[in-house]
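The structure appears below as structure tokens.
There are 2 protein chains.
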Amino acid sequence: MAKHTIFFHNRPRIVATATIAGPKECAGIVGKYVDKQLADDRFGEDTFEKAECKMLTYAIEHAIENAGKEHDEIDALISGDLLNQIISASFAARDFNIPFLGVYGACSTMAEAFAIGGAMVDGGYFSNVVAATGSHFSTAERQYRYPLELGCTRPPQAQWTVTGAGGAVISKEGGSVALTCATFGKVVDYGITDVNNMGAAMAPAARDTLITHFRETGRSPADYDLIVTGDLGALGSRILKDLTWEKGYDIGKNHVDCGEIVYRVIEDEFQGGSGAGCSAVVFNSYLYDKRKNGGIRSVLFAATGALLSTVTSGQGESIPCICHAVAVEVI
Amino acid sequence: MAKHTIFFHNRPRIVATATIAGPKECAGIVGKYVDKQLADDRFGEDTFEKAECKMLTYAIEHAIENAGKEHDEIDALISGDLLNQIISASFAARDFNIPFLGVYGACSTMAEAFAIGGAMVDGGYFSNVVAATGSHFSTAERQYRYPLELGCTRPPQAQWTVTGAGGAVISKEGGSVALTCATFGKVVDYGITDVNNMGAAMAPAARDTLITHFRETGRSPADYDLIVTGDLGALGSRILKDLTWEKGYDIGKNHVDCGEIVYRVIEDEFQGGSGAGCSAVVFNSYLYDKRKNGGIRSVLFAATGALLSTVTSGQGESIPCICHAVAVEVI
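For the protein sequence lines, the chains are A and B, in the order given. Heads up: the first sequence is residues 800 to 1130, going by this note's numbering. Heads up: the second sequence is residues 800 to 1130, going by this note's numbering.
This is the structure in structure tokens:
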């Protein structure tokens, strides 16, 4: 019987992170923790796509700088994003003389990059890797939903794609924040077809991975100070709590969702934030700081992703979802 | 100074492969080696996208079957494809109760999946993984270029996206075909903007990775029976030979390109085949057979990818390219 959890016995460290976010995001919880607050979500570029790529480049570059490393000490960049052909990651990688591993797990990409990067460092293949991802409201909206100029009304179950990017340097040693294990998720599809209801679509995938993680590690929700999901939003988070409770796991006391907490006034964005940048920014700024500087010692970071495209939705398909989880602990 | 080549000291094995291809492809060199020849490139589905997904599902399922494994012995599926949001891989993964790692390197995806899968098995994290990818002429053409119904004339430097899929099971033991090392590529962009001239765009990336591989391993082209590139096509292959020769490496004697050899009458498809399925089918059928059953003992498999999208081309960007290489040897 296959096991889906891998253990990092050499405890690779997250030695530094860097984050950048847009004005709406910086008005919320992450504002005082990001490396750069953008006043203009175009970031001086003439297209939103170029702005998204520039944010990701910023996060990668500053994560390396914050780690006190030179670029040529970095063995690999593991990155992906929501845009077609993960162009933000590919074009950001063009600016670095670093091998590039493109990965895609929609909004779960940050956790997938942590898990692969953790294994590559733990296994002794690489000494330092950068894991990074990002998203932009305006690129995601026009790629997945409607032209921005159309000004469509949003349904109450919708979320708002985070404009921001986050990156982390994973090294074989340095500091006290370690990756200790990872659980790779299966694709789970409960038949949701509403592309505005991502939280409901992704919650069963999060449940599947969390319960697999608890079973295979022998841990319980209480063993973590925080169980952090990526971007289920307010509605999806409530669904996840119910779904895990039904299976005998009570995550109610220590669960927090990056999408639910990222915006200051959640009502404005209905169910909260989403996007590959959502968990990347919240995890690598606010939550990383909380681990280094007190309070939180053990986090299970379970980022979720909806693996749809406009083509599959157009062809009548439902939304397959995934969740990858990594345990990050202060040692 | 970072090294971009990783060594697999436990020599994970490619224990089995499976391939499937369309009628045009099966008229060529791979016809007698694939597990299934398609008479109809719709594969009984109502859309080309669903046919592409079904081919990939077939390759994954039959690779597991050919390896004599049960599905629950497989620890991970590492897969990606050319379609937006790698839907063929994600939707194929939905049918398997196996953790899914989505990867994207355009037409280099097969080599990226081999390299990551090799490391995960070599490092002891997983016992058996499936690496798989595929492509379909009709889905790629309408996504990247023009509607099929438009009947556009193709320029002489164009290639033809292969309709096919290939998968392989990588295990910690079994058989004699082993992954021995991998070189991850950097993103290389020489400023080519012609989306019909992929071979010229990708050749410098192949040169970069091949030379990095030779330098870091201390090997020379003569140490391999075959140096196999993914889908440079006839023109791109000639450019690669020149570019490597300029740097003191003569690959002329043992280089072969999957795109150049895949079709029976290359003139019909101008420069030959391309697509994530091109190297996946040729490598996992014809070349895998040649290694098991005589002649070829050591292969450097260097698949190349063009990391563009229609959005980047529309915004005036050039084409960033990448090449990942894995050494596959009979031990």
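We treat Cβ as the ideally placed atom computed from N, Cα and C, and that holds for glycine. Note that the coordinates shown come from a computational prediction; the quantities given were computed from them, not determined experimentally.
For residue i, report the span of its beta strand (DSSP E) as first-last.
i      : result
B:A858 : That residue, B:A858, is in no beta strand (DSSP E); its alpha helix (DSSP H) goes F847 to N865.
B:A964 : G963 to S970
A:S878 : A875 to D880
B:A817 : R812 to A820
A:T804 : T804 to F806
Please list the terminal residues of the continuous alpha helix (DSSP H) segment that includes residue i.
i       : result
A:T932  : Careful: A:T932 lies outside any alpha helix (DSSP H), inside the beta strand (DSSP E) at N927 to S934.
B:T1016 : M997 to T1016
B:D1088 : Y1087 to K1091
A:R759  : The question about residue 759 of chain A has no answer here: the residues shown for chain A are numbered 800 through 1130.
A:A1021 : No alpha helix (DSSP H) contains A:A1021, which DSSP labels as neither H nor E.
B:S889  : I886 to R893
A:T908  : T908 to D921
Quickly, what does DSSP pair residue i with across the bridge? List them, please.
i       : result
B:H1054 : B:I1026
B:V1125 : B:A981 and B:F1100
B:K835  : B:I819
A:W959  : A:G1072
A:L900  : A:I877
B:A1105 : B:C1120
B:V987  : B:C1120
B:V976  : B:V1129
Check whether the Cβ atoms of residue i and residue j lie closer than 8 Å to each other.
i       : j       : result
B:A858  : B:G965  : yes
A:N1053 : A:D1030 : no
B:A999  : B:L1034 : yes
B:V994  : B:S1108 : no
B:G916  : B:A1079 : no
B:A772  : B:S878  : Because chain B here runs from 800 to 1130, residue 772 of chain B falls outside it and cannot be looked at.
B:A981  : B:I805  : yes
B:G963  : B:E824  : yes
A:T1103 : A:C951  : no
A:A1075 : A:A910  : no
A:K831  : A:F842  : no
A:R1063 : A:G821  : no
B:D880  : B:S887  : yes
B:L1099 : B:H1012 : yes
A:S889  : B:V986  : yes
A:V920  : A:I969  : yes
A:G1072 : A:G1058 : yes
A:C1122 : A:T1043 : no
B:N927  : B:I873  : yes
B:I1118 : B:D988  : yes
B:I813  : B:V976  : yes
B:F1069 : B:R941  : no
B:N896  : B:Q956  : no
B:A912  : B:N865  : no
A:Q1114 : B:E948  : no
B:D871  : A:A892  : no
B:D834  : B:H803  : no
A:N883  : B:V1110 : yes
A:I1130 : A:R810  : yes
Along the stretch 933 to 948 of chain A, where does the CB come closer than 7 Å to a CB of chain B? Name the residues. none
Residues in the stretch 884 to 902 of chain A having any Cβ partner in chain B nearer than 7 Å: Q884, I885, I886, S889, F890, A892, R893, N896, I897, P898, F899, L900, G901 and V902
Near-chain A residues of the stretch 974 to 1000 of chain B (beta-carbon distance less than 7 Å), N- to C-terminal order: F983, G984, K985, V986 and D988
Closer than 8 Å, Cβ to any Cβ of chain A: which residues of the stretch 949 to 965 of chain B, in chain order? none
Any C-beta of chain A within less than 9 Å: which residues of the stretch 915 to 926 of chain B qualify? I915, A918, M919, D921, G922, G923, Y924, F925 and S926
May I ask you to list, following chain order, the residues of the stretch 1094 to 1115 of chain A that have a beta carbon less than 8 Å from some beta carbon of chain B? L1106, L1107, S1108, T1109, V1110, T1111 and Q1114
Mind listing which residues of the stretch 831 to 859 of chain B have their C-beta closer than 8 Å to chain A's C-betas, in chain order? T846, E848 and K849
Any C-beta of chain A within less than 7 Å: which residues of the stretch 1003 to 1018 of chain B qualify? none
Please list, in chain order, the residues of the stretch 857 to 880 of chain A that have any C-beta partner in chain B closer than 7 Å. D871, E872, I873, D874, A875 and G879
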